[in-house]
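The sequence shown begins at 60 in the working numbering and counts up one residue at a time. Virtual Cβ for every residue (Gly too), placed ideally from N, Cα, C. Model, not experiment: these values are computed from the prediction. Heads up, the thing below is written out as structure tokens.
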Amino acid sequence: MEDSDTKTAETAEATETAEAAEATANAVRAEAGTESVEAQATVRTYPVAPGVRLNVRSGPGTNYGIIRVLPAGMHVPIFCQAPGTRVSGPYGTSNIWDNIDNGEYVSDAYVYTGSDGYVASRCAI
Numbered sequence: 060m061e062d063s064d065t066k067t068a069e070t071a072e073a074t075e076t077a078e079a080a081e082a083t084a085n086a087v088r089a090e091a092g093t094e095s096v097e098a099q100a101t102v103r104t105y106p107v108a109p110g111v112r113l114n115v116r117s118g119p120g121t122n123y124g125i126i127r128v129l130p131a132g133m134h135v136p137i138f139c140q141a142p143g144t145r146v147s148g149p150y151g152t153s154n155i156w157d158n159i160d161n162g163e164y165v166s167d168a169y170v171y172t173g174s175d176g177y178v179a180s181r182c183a184i
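Structure, rendered in structure tokens:
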């Protein structure tokens, strides 16, 4: 009978150890998932000039086609910036174009960044 009791105790201990290891792994996965959501949430947005409906183009310049038009009052993320056509707008004259989404650019002269220069890394075009 002792052998049977010992085996039962060993099996229970092994099951508890496996359950604890899985719980730890699940906690690590959950924490990693939370960190990636937090990293995505840190993208800063900038206001478009008041009252402006802004053209969104397929590249950094007026020679690229208009994809869509942003309604007045929008805030846009800037993922990266690229040099392009020089444009005059409410915030000066600039050749900087802001990448606001995959393949979508707006002139920085219409976006209030608080700077006349680059505020994000250069796009790899």
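Check: Exposure label - Asn16; buried when at least 16 CB within 10 Å; Outcome: The first residue shown for the chain is 60 and the last is 184, placing residue 16 beyond what the model contains.
Check: Alpha carbon of Gly173 to alpha carbon of Val165, nearest angstrom; Outcome: 16 Å
Check: Beta-carbon proximity of Arg103 to Cys139, cut-off 8 Å; Outcome: no
Check: CB contact flag (Tyr177, Ala108, <8 Å); Outcome: no
Check: Strand pairing of Gly148, partner residues [DSSP]; Outcome: Gly151
Check: Residue range of the unbroken beta strand (DSSP E) whose run includes Ile184; Outcome: Ile184 -> no beta strand (DSSP E), and no H or E assigned at all.
Check: Arg116 - containing beta strand (DSSP E), residue span; Outcome: 113-116
Check: Cut-off 7 Å between Cβ atoms - residues of its own chain near Gly148, not counting five sequence neighbours on either side; Outcome: Ala108, Ser166, Ala168, Tyr169
Check: Closest residue to Ile137 among Ala179, Ala183, Ile184 (Cα-Cα distance); Outcome: Ala179
Check: Same chain, Cβ closer than 7 Å to Tyr105, neighbours up to 5 away in sequence not counted; Outcome: His134, Val135, Ile137, Val170, Tyr171, Thr172
Check: Host beta strand (DSSP E) of Thr104 (start-end); Outcome: 104-106
Check: Cβ-based neighbour list, Thr152, same chain, cut-off 8 Å, excluding 5 preceding and 5 following; Outcome: Arg145, Val146, Ala168
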